[in-house]
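Take a look at the structure set out below.
Numbering (the numbering used here), first residue to last: 235 to 564.
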């Protein structure tokens, strides 16, 4: 299996936490494990000298237990027996009333948004309905590095702000990639391994992606209100740092000024007053490079460039606008 094959599995099975397979030769077997922290593989095991381990590996990978197979059991699908297609589904997430295992109905007409990256945050968004109230929400799963602040810290700061996504409920530490591997797989001898923690946030539903605008005035209004939202965050001491075309949504139909564009994804945000300059500079990989400011792109090579600030984010807004202007004829 290649990384591209693993990526396709994640796209078509968005509730996957990890994927495992065996490499088998006539003499040995090796376990290969993929998750959001990357790739892990075991040493080769001689199947003739140690047949018991070989049998255990085969039995484990052919188990019927969804948890063992790497599936998130808090998401369940109803399958049409005739076609084999998913026709309904539920997702467990916290509710605004404090229920930690509330079941929302998944909107089957809307495909989940799945970030196609293999290693990283693995952001996945589901549109779901509260069966008691009929309210539509967006439920977002993501995997942050263990050292990074959870997104809910910034979402709480954004509460009530125009132009910024609003959270309803939040669940942290749903899973950790370190628990999927042997204890010694992520020690100091492996600098490439970063433990990632899964979180789930329930957010208000808004309009579609920025690219789905219907008129020039709608596009400009969305830009105006998201830039205002960015300023509102900044006044709360939060720097977004991940402005891109996928992190700007249109407001709901007939939204009031201030809510016609919504800035989302605060995973990469930082507190301005608490962030050391060196820490911000080191994180040059934040977001899509096509929307990075020139200074952000230079930080990888130049140690004297000033730390990321709101000017870099405003430059990213400009590049998003250029992207829209160049990609659309009218």
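The beta carbon of each residue, even a glycine, is placed where N, CA and C say it ideally should be.
_Cβ-based neighbour list, residue 546, same chain, cut-off 7 Å, excluding 5 preceding and 5 following_ = Counting only Cβ-Cβ distances below 7 Å, and skipping sequence neighbours, we find 527, 529 and 530.
_Own chain partners of residue 405 with C-beta closer than 6 Å, once the 5 adjacent residues on each side are dropped_ = Scanning its chain for C-beta atoms nearer than 6 Å, with the 5 sequence neighbours on each side dropped, one finds around residue 405 the residues 328 and 434, in chain order.
*Hey, is the stretch 471–479 in contact with the stretch 388–407, meaning 3+ C-beta pairs nearer than 8 Å?*
Short answer: they touch.
*Leaving out five residues before and five after residue 462 in sequence, what residues of the same chain have Cβ atoms less than 6 Å from its Cβ?*
The beta carbon of residue 462 lies closer than 6 Å to those of 397 in the same chain, with the five residues before and after it left out.
*Starting from the C-beta of residue 455, find all residues in its chain whose C-beta is less than 7 Å away, skip the five residues before and the five after it, and write them out in chain order.*
Within the same chain, residue 455 has close Cβ partners 494 and 495.
*Within 10 angstroms of its Cβ, does residue 338 collect 16 or more other Cβ (buried), or is it exposed?*
Per the 10 Å Cβ criterion, buried.
*What number of angstroms, rounded off, separates the C-alpha of residue 512 from the C-alpha of residue 298?*
Confidence in residue 512 is poor, its pLDDT being 44 and thus under 50, which makes the residue's placement too unreliable to answer from.
*Are there three or more Cβ pairs, one per stretch, closer than 8 Å when the stretch 438–447 is compared with the stretch 472–486?*
Contact between the stretch 438–447 and the stretch 472–486 is present, because at least three Cβ pairs lie under 8 Å.
*residue 373 to residue 352, Cα distance in whole Å?*
Roughly 20 Å between the two C-alpha positions.
*Just reading off the beta strand (DSSP E) that residue 435 is part of, what are its end residues?*
Taken as a continuous stretch (DSSP letters only), the beta strand (DSSP E) holding residue 435 covers 430–438.
*Measure how close the beta-carbons of residue 249 and residue 302 come, nearest whole angstrom, since I'm counting them as under 8 Å.*
Actually they are not in contact, since the Cβ atoms of residue 249 and residue 302 sit about 14 Å apart, beyond 8 Å.
*Determine, using beta carbons only, whether residue 355 and residue 341 come nearer to each other than 9 Å.*
Contact: no.
*Confirm, please, whether the CB-CB distance from residue 253 to residue 269 is below 9 Å.*
Going by C-beta atoms, residue 269 is nearer than 9 Å to residue 253.
_Pair within 9 Å by beta-carbon distance, residue 385 and residue 501_ = Their beta carbons are under 9 Å apart, which means residue 385 touches residue 501 by this criterion.
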